[in-house]
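In mature numbering (1 follows the signal peptide of the UniProt record, and there is no 0), the protein residues as written are -30 to -1, 1 to 358.
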């Protein structure tokens, strides 16, 4: 009768655990063989052959103890004496072998507190330390590790980037041990997914499809995909898409440049396209404008001064008489006197330029070469600033 009651209680407990019913339902991380362990530790106090057999059948039905199951199955197939020897204490060697295996499994991926206590149980010469750790020590150590992990998550959140995860982590740390474990198992992932969708929506709202077609399409695809795909986009995909759009923008700039009139911009664009994505982004944000300004200054310094606007005719004086027109002979003489100094000045300028070996084309060429050097230097300076 005692054995049947124990078996019935064990079945009810397992059913409640699986169904998640009752006030004492265990969380997903609970010890899966806690009830079987209680059954074994309670021992056997029967006397009939049927009770011996029923007790061994419970151990033979376990799914989380290969050594125990094999030993119980062998005892059930043996003689009555072998069965009694197994139930009266022969099962302990197989049971503790399985307990050792369970503790070793706990070590995989465990936090520092769980690892430390599990290793101590494995090193203990008393095999009962294994069951004690699995019964009580594991949950106590796991609570410590859970708080450490939640604190790590909270510390890794950049301000303003993950509001949902931040609030959920704080709430979990202020809650019960079971709530904290639930947050670490499932809640944090749901919070991250919501924050990722908010981040993706913000990116999409800031994009101009005409200037960033690749990023626009990639963001839409990520928002339509799985949480893992959206997370991958936010971590790496968006940067690859931005880099491609930046290359397209720089290529458009290069295609519209006249190297003769914009040497600094031409050189800076080529250097940016040959550099890193960060250097190309720096060029598009600031470098191109500095290069354009250099080209404008060089053009203003090398070009001829703008012709003066023709003077507006003076209004006629209402009371003054118009001057008399000069006689033809006098006009020719005046024109000759005016042209002579001009010709002399022109010849003098030509002789000075010839003597110095200088022509008007030299300053323009020099300014153009300087602009090319300065334009190429823009990207080099940007690289040095980033490396510093």
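Idealized CB from N, CA, C, for every residue including glycine.
Quick caveat, the model's predicted, so the values are computed rather than measured.
- Here residue 239 is not near residue 218, since their CB atoms are 8 Å or more apart.
- Residue 35 carries a coil assignment under DSSP once its states are collapsed to helix, strand and coil.
- Nearest to residue 118 by C-alpha distance, out of 108, 143, 137, is 143.
- Put simply, the backbone Cα of residue 133 is about 47 Å away from that of residue 67.
- Counting only the Cα atoms, residue 31 lies some 55 Å from residue 209.
- Residue 234 and residue 261 do touch by the CB rule: their CB atoms are close to 4 Å apart, below 8 Å.
- Apart from the 5 residues on each side of it in sequence, residue 153 sits with its Cβ closer than 6 Å to the Cβ of 142 in its chain, given in chain order.
- The count of Cβ pairs closer than 8 Å, one atom from the region 73 to 80 and one from the region 43 to 63, stays below three, leaving the stretches out of contact.
- Ranking 187, 23, 156, 18 by CA distance to the CA of residue 171 puts 187 first.
- Note that the region 159 to 178 touches the region 196 to 211; at least 3 beta-carbon pairs, one per stretch, sit closer than 8 Å.
- Taking residue 241 as reference, the option from 99, 230, 231, 253 with the minimal CA-CA separation is 253.
- Counting along the chain, residue 197 sits inside the alpha helix (DSSP H) bounded by residues 197 to 202.
- Judged by DSSP in its simplified three-state form, residue 131 adopts coil rather than helix or strand.
- The Cβ atoms of residue 215 and residue 185 sit closer than 8 Å to each other.
- Secondary structure at residue 94: coil, using DSSP grouped into helix, strand and coil.
- Apart from the 5 residues on each side of it in sequence, residue 94 sits with its Cβ closer than 8 Å to the Cβ of 100 in its chain, given in chain order.
- A distance below 8 Å separates the beta carbons of residue 158 and residue 138.
- When rounded, the separation of the alpha-carbon atoms in residue 164 and residue 107 is 35 Å.
- Residue 174: member of the alpha helix (DSSP H) spanning 158 to 176, first to last residue.
- The three-state reading of DSSP puts residue 216 in helix, counting H, G and I together.
- For a cut-off of 8 Å, the C-beta gap from residue 46 to residue 21 is around 13 Å, too long to register as a contact.
- Shown here for residue 250: same chain residues with a beta carbon closer than 8 Å to its own, the five before and five after excluded, namely 213, 216, 217, 220, 242, 243 in chain order.
- Between residue 162 and residue 116, the C-beta spacing is not below 8 Å.
- Membership of residue 272 in the alpha helix (DSSP H) is indicated by the continuous run 258 to 272.
- Counting along the chain, residue 126 sits inside the alpha helix (DSSP H) bounded by residues 108 to 126.
- Here the C-alpha atom of residue 236 lies approximately 12 Å from the C-alpha atom of residue 257.
- In the same chain as residue 53, and ignoring 5 residues on each side of it, the C-beta atoms closer than 7 Å to its own belong to 22, 23, 26, 45, 46, in chain order.
- When 91, 97, 269, 92 are compared, the shortest CA-CA separation from residue 65 is found for 97.
- In the three-state DSSP reduction, residue 28 falls in the helix class (H, G or I).
- Around the Cβ of residue 228, a 10 Å sphere holds fewer than 16 other Cβ atoms; the residue is exposed.
- No residue range can be given for residue 229, since it is assigned to no alpha helix (DSSP H) and is classified by DSSP as neither H nor E.
- When DSSP states are grouped into helix, strand and coil, residue 207 belongs to the helix group.
- In this structure, 51 is the residue among 51, 193, 4 with its C-alpha nearest to the C-alpha of residue 18.
- Only buried fits residue 35, as 16 or more other CB atoms lie within 10 angstroms of its CB.
- Going by DSSP, residue 233 is part of the alpha helix (DSSP H) stretching over 233 to 243.
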